[in-house]
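Visitor: In our numbering, the protein residues as written are 1 to 400.
Heads up, the beta-carbon is just placed ideally off N, CA and C, and yes, glycines get one too.
Please read all numbers here as calculations on a predicted model, not as lab measurements.
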Amino acid sequence: MSKTTLAFLGGDPAFSTALHVGRPNIGDRDAFMRRVEEILDRRWLTNSGPVVTEFEEKLAEQLQVSDVIAVCNATVGLELATRALGMSGEVIVPSFTFIATAHALQWQETSPVFADIRKHDHNIDPLAIEALITEKTSGILAVHCWGRPVDIEALNVVAKRHNLKLLFDASHAFACDYHGQPVGGFGEAEVFSFHATKFINALEGGCISTNNPELAEELRYMRNFGFRGYDDVGFLGTNGKMNEISAAMGLTNLESLERLIAVNRENFDSYQKAFADFPGLQFLPAPENDVFNYQYVVAEIYEEECPLARDELIDVLWEENIFIRRYFYPGCHRMEPYRSQSSTNDRQLPETDAVCSRVLVFPTGETVNGDAIRQVSGIMFQAIEHAKEVKLAIEKRSNA
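#1: How big is the Cα-Cα spacing for residue 15 and residue 76?
#2: Give me the Cβ distance between residue 84 and residue 222, rounded to the nearest whole Å; I'm assuming they're in contact under 8 Å.
#3: Here's a check: name, in chain order, each residue in its chain whose Cβ is nearer than 7 Å to the Cβ of residue 65, leaving out the five neighbours to either side.
#4: Based on Cα-Cα distance, which residue from 101, 375, 67 lies nearest to residue 53?
#5: Spatial neighbours of residue 1 within its chain, please: C-beta separation below 6 Å, excluding the five flanking residues on both sides.
#6: How many Å lie between residue 17 and residue 321 at the Cα?
#7: Could you name each continuous alpha helix (DSSP H) segment of 4 residues or more that falls completely within the segment 293-339, going from the start of the chain to the end?
#8: Looking at the structure shown, is residue 71 part of a helix, part of a strand, or coil, going by DSSP?
#9: Which residue or residues does DSSP assign as beta-bridge partners of residue 192?
#10: Is the Cβ-Cβ distance between residue 168 and residue 144 less than 8 Å?
#11: Going by Cα to Cα distance, which pick from 306, 305, 363, 124 is closest to residue 325?
#12: Leaving out five residues before and five after residue 352 in sequence, what residues of the same chain have Cβ atoms less than 6 Å from its Cβ?
#13: So the alpha helix (DSSP H) residue 24 belongs to, where does it begin and stop?
#14: Can you tell me whether residue 10 is buried or exposed, with buried defined as 16 or more other CB within 10 angstroms of its CB?
#15: Which residues does DSSP pair with residue 111 in a beta bridge?
#16: Would you decide whether residue 338 is buried or exposed? Buried here means 16 or more other CB atoms lie within 10 Å of its CB.
#17: Assuming contact is defined by CB atoms lying nearer than 8 Å, are residue 293 and residue 174 in contact in what I supplied?
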């Protein structure tokens with residue numbers, strides 16, 4: 001599908017309604033509204049109400065773990081988990097992740113130590129971790145990037161060898177498997193996100209999953225100011241509770257899990273077909289032989305093979321109301337406050353830097369279909385056909 005003129009070169013945008021990465025899935029509106037009406041009738045809006053309890057039970061069943069603790073968001077979930085596990089001093093994390101992973105540690109006055117990633121799956125490199133371990137290291141916070149599980153076996157070996165706590169940021173990995181076992185029951189605990197941009201969302205929310213009942217009990221107290229009972233505070237805590245309406249949205253979307261994964265899978269396959277001949281573009285493949293949620297459609301642009309650079313393509317697409325993204329640019333180690341810290345500013349993370357310069361993440365979810373994907377593809381092919389004009393327009397804008 002070809003436009004007469006690219007919007008970047010003076011034409012009209014291809015989409016009147018913007019295509020976003022992570023535009024919220026809504027699920028069954030009627031089912032959600034019925035739950036909301038019941039919540040309002042009960043007047044039980046928060047403080048571990050029946051809907052939150054049901055959501056936790058359904059999550060535990062899905063994740064095949066003994067305990068799930070619903071929280072107001074995944075960032076607070078990470079903060080609670082790191083504190084409950086006694087992580088302090090330094091914790092090793094990938095730099096190629098959403099900034100909240102690092103901030104959750106720093107907010108607890110624990111220093112994130114950034115490790116490089118592996119080229120083929122964008123996950124933390126277990127071989128890079130060993131050289132970063134010091135007497136101050138208390139744990140590893142690994143991220144299942146794009147829902148592709150990290151090398152859990154290798155990380156378990158490193159953690160046990162050095163007596164480190166192993167925690168997982170599983171924000172991307174709901175309904176994903178690792179060697180036939182659902183992500184959620186590995187390490188000391190795993191933290192999931194149900195932010196609006198996630199394919200299973202709770203408006204805003206998250207959860208901590210674990211097979212350690214004692215840890216789960218402590219986390220439940222900690223998310224509720226440390227209360228163990230009426231007027232009985234036994235822990236340092238905060239307000240990390242999920243409210244009932246968020247849980248209602250979470251339950252509603254959970255009921256649509258298989259359909260939403262099918263939509264994501266269909267879009268993933270459509271992108272592969274539509275861009276099969278695009279020069280210099282390589283999609284990150286889905287894991288083989290494991291259950292996967294297809295939540296993110298991730299590609300890399302190799303500029304030596306493509307007539308336009310990654311950021312030039314982004315400029316073109318944004319003019320068309322296609323808000324493709326360059327996650328997680330430029331890497332946590334190049335963001336504040338970390339880039340100004342002496343322990344970070346001289347660290348060499350070549351794979352992280354390279355991937356940050358190449359990654360494109362495409363819109364998907366239930367608001368995207370095959371026709372839209374073919375239109376996105378057509379615009380990108382048209383952009384490289386007119387690469388000289390695009391580059392000239394970019395130069396003019398930068399000099400204006």
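Guide: Looking at the atomic coordinates:
#1: The alpha-carbon atoms of residue 15 and residue 76 are separated by roughly 36 Å.
#2: With 8 Å as the limit, residue 84 and residue 222 qualify as a contact, their Cβ atoms being about 6 Å apart.
#3: The beta carbon of residue 65 lies closer than 7 Å to those of 184, 185, 209, 210, 211 in the same chain, with the five residues before and after it left out.
#4: It is 67 whose Cα lies nearest to the Cα of residue 53.
#5: Low local confidence applies: a pLDDT of 46 at residue 1 is under 50, so the model's placement there is unreliable, and no value is given.
#6: Distance between the alpha carbons of residue 17 and residue 321: 7 Å.
#7: Segments of the alpha helix (DSSP H) lying fully in the segment 293-339: 310-319.
#8: In the three-state scheme derived from DSSP, where H, G and I count as helix and E and B as strand, residue 71 is classed as strand.
#9: Per DSSP, 207.
#10: Yes. Within cutoff.
#11: Out of 306, 305, 363, 124, 363 has the C-alpha closest to the C-alpha of residue 325.
#12: When the five nearest sequence neighbours on each side are left out, the beta carbons in the same chain lying within less than 6 Å of the beta carbon of residue 352 are those of 95, 96, 116, 117, 331, in order along the chain.
#13: Residue 24 -> no alpha helix (DSSP H), and no H or E assigned at all.
#14: It counts as exposed.
#15: Beta-bridge pairing links residue 111 to 90.
#16: That one is buried.
#17: Yes. Within cutoff.
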